[in-house]
Amino acid sequence: MSRRGARAQGVDMIALCLALTAGCAAYSEMKKQDDFSETTKSYEKMIFWSDFDTADSFRDPQERETHPADIDEFKNIKVTSYSVKKVSISEDQAEVRQIVEIGYYRVDEVTLKTMRDQQVWAYNPTVKRWYLQSGLPPFK
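Taking our numbering, the leading residue of the sequence shown gets 2, the next gets one more, and so forth.
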């Protein structure tokens with residue numbers, strides 16, 4: 002093979018490697034966003050079913066350890082609706098902020114209330130998982 006042919010083949014290999022790397026990075030970002038969607042749908046179900054103990058497991062483990070949620074304060078809350086209103090994704094796609102509207106009532110009251118929960122979700126690349134940074138909804 003001529004020197005020129007070998008060089009062209011080398012350039013082709015570099016281009017192929019760069020394309021594969023870009024493809025893998027794009028797949029990784031797409032997978033991360035799919036994981037976010039799955040995670041938040043599961044979290045939504047737990048909130049909607051008023052399963053706050055399980056919903057708390059979506060919080061960052063370190064945050065749960067240093068600031069444990071008082072799950073007993075949620076025992077009288079029944080959620081009637083949950084609707085994502087706004088989503089903002091950081092440039093590096095490692096943090097998502099979303100505003101969620103939650104309809105709920107307290108078992109010992111008859112008043113239906115609505116609140117807006119401002120959630121912050123962060124991606125942990127070590128465990129490849131999204132964690133809620135902002136805590137459980139502040140029902141009042």
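Don't be surprised by glycine CBs; every beta carbon is placed ideally from N, CA and C.
Here the structure is a predicted model, which is why all the values come from computation and not from measurement.
Between the segment 125-133 and the segment 33-42, the count of Cβ pairs shorter than 8 Å is three or higher; the stretches touch.
Every beta strand (DSSP E) of 3 residues or more that sits fully in the segment 37-99 is shown, in chain order, as 78-90. For LYS114, the closest of PHE37, TYR124, PHE140, ALA95 by C-alpha to C-alpha distance is PHE140.
In this model, SER91 and PHE75 are separated by some 31 Å (Cα to Cα).
Taking the C-beta atoms as reference points, PHE49 is found no nearer than 8 Å to VAL88. With respect to the C-alpha of ASP52, the residue from ASP73, ARG65, GLN120 having the closest C-alpha is ASP73. Between ASP71 and PRO138, the alpha-carbon positions lie close to 12 Å from each other. For THR115, the enclosing beta strand (DSSP E) has its first and last residue at 114-125. Nearest to ASP35 by C-alpha distance, out of LYS86, ASP61, GLN94, is GLN94.
By the criterion of a C-beta distance shorter than 6 Å, SER82 is surrounded in its chain by GLY104, once the five residues flanking it on both sides are discounted. Per DSSP, LEU137 is not a residue of any beta strand (DSSP E), being assigned neither H nor E. Inclusion of LYS86 and VAL101 in the CB contact set at 8 Å is warranted, their separation being smaller than that value. The alpha-carbon separation between ALA56 and ARG65 amounts to approximately 12 Å.
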